[in-house]
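For our numbering, add 5 to where a residue sits in the sequence shown, where the first one is 1.
Glycine included, C-beta positions come from ideal geometry on N, C-alpha and C.
Worksheet for the structure shown next.
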Amino acid sequence: TLRALPDALRALRHVRDASPPTSPPDLRNPMFRCIICHEEKERTIVCAEGHATCEECVAPFVAGNADALSKTDLIASMADAAAARNDTAAVAKLEGRCLCPLSGHGCHAGPFEDKDVAAHVPPGVFCAFVGSKVHLPLARKLQDVVAKKQELSLQFPNARQCGRCSHGPVLFRGCSDLTTHHGQGGIDNSCGRCGWFAPHISMWPRWDPTAAALGRDDPLDAVFSEAQEDE
Numbered sequence: 006t007l008r009a010l011p012d013a014l015r016a017l018r019h020v021r022d023a024s025p026p027t028s029p030p031d032l033r034n035p036m037f038r039c040i041i042c043h044e045e046k047e048r049t050i051v052c053a054e055g056h057a058t059c060e061e062c063v064a065p066f067v068a069g070n071a072d073a074l075s076k077t078d079l080i081a082s083m084a085d086a087a088a089a090r091n092d093t094a095a096v097a098k099l100e101g102r103c104l105c106p107l108s109g110h111g112c113h114a115g116p117f118e119d120k121d122v123a124a125h126v127p128p129g130v131f132c133a134f135v136g137s138k139v140h141l142p143l144a145r146k147l148q149d150v151v152a153k154k155q156e157l158s159l160q161f162p163n164a165r166q167c168g169r170c171s172h173g174p175v176l177f178r179g180c181s182d183l184t185t186h187h188g189q190g191g192i193d194n195s196c197g198r199c200g201w202f203a204p205h206i207s208m209w210p211r212w213d214p215t216a217a218a219l220g221r222d223d224p225l226d227a228v229f230s231e232a233q234e235d236e
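Put into structure tokens, the structure is as follows:
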């Protein structure tokens, strides 16, 4: 039996040398199962709750969300309604931020950082993603402009504006014939901005407060540089 031991050791060495070495797992590049395609992938974006989405799946997901947001009606009203019911995920989505694909389906993780999205999607997709972030601020601005325009229209229902440069609001006092005292005693019934003049108040267009609502004109400035007409 002792004489057979060397032969047994040689056989074990042969088996050892013939077997390929087993590589330890690469902990630097772990593999994750994508929640969309269900394949094991190395390059994935992972939400705070551990849901992984591979780069092949996250790119069309981000691009699709950006495109859908650009076609969303009443986005500002929708964001206000979502905020009122404390739906932070819906607000984030309407803001153009990227959420886990399982958001609304059991995942409560917050949005991904923009730098993480940039690291996992092509440049063109990331540009569309960043561009989609302007839709809600623009919608809110438009909402404010409409409200301001309505407010100004109520404050100055009889106001007129210049027929050439649209300067306004212009509030005429006295008779409708603007030639009666025009040029007399320092009275000037022409446009205070460009000098345009029309002889009758009916020839001056009704004031459109859009420019003032957008902040391009100061309505009070315009009002107090109104055309003058003696009683």
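Asked: Three-state class that DSSP yields for V139 in the structure shown; Found: helix
Asked: Residue environment, R165, which counts as buried when at least 16 other CB atoms sit within 10 Å; Found: buried
Asked: Contained beta strand (DSSP E) runs [length at least 3] in the stretch 34–88, N- to C-terminal order; Found: 49–51, 57–59
Asked: Alpha carbon of A53 to alpha carbon of D72, nearest angstrom; Found: 25 Å
Asked: Cα-Cα separation between S24 and K46, rounded to whole angstroms; Found: Since pLDDT at S24 reaches only 48, below the 50 mark, its modelled position is unreliable, and the value read off the structure follows with that caveat. The alpha-carbon atoms of S24 and K46 are separated by roughly 28 Å.
Asked: Buried versus exposed, by CB contacts within 10 Å (16 or more), N163; Found: exposed
Asked: Nearest-angstrom beta carbon gap, V63 and H125 [assumed within contact, 8 Å]; Found: 6 Å
Asked: Cβ-based neighbour list, C167, same chain, cut-off 6 Å, excluding 5 preceding and 5 following; Found: C196, W201
Asked: Backbone CA spacing between H56 and G69 [nearest angstrom]; Found: 19 Å
Asked: Neighbourhood of L75 by C-beta, 7 Å cutoff - its chain only, sequence neighbours within 5 removed; Found: Looking at the sequence shown, residue 75 is not Leu but Ser. Here the set comprises S137, H140.
Asked: Pairwise C-alpha distance: L159 and E100; Found: 33 Å
Asked: Where D193 sits in the DSSP three-state scheme; Found: coil
Asked: Interface flag, A88 vs chain C, CB-CB below 9 Å; Found: Structure shown: chain C not included; a single protein chain is present.
Asked: Of the residues W212, F161, L143, C170, the one placed nearest A84, counting alpha carbons only; Found: L143
Asked: Nearest-angstrom Cβ-Cβ length linking I80 and T58, presumed shorter than 8 Å; Found: Incorrect: roughly 25 Å between the Cβ atoms, too far for contact.
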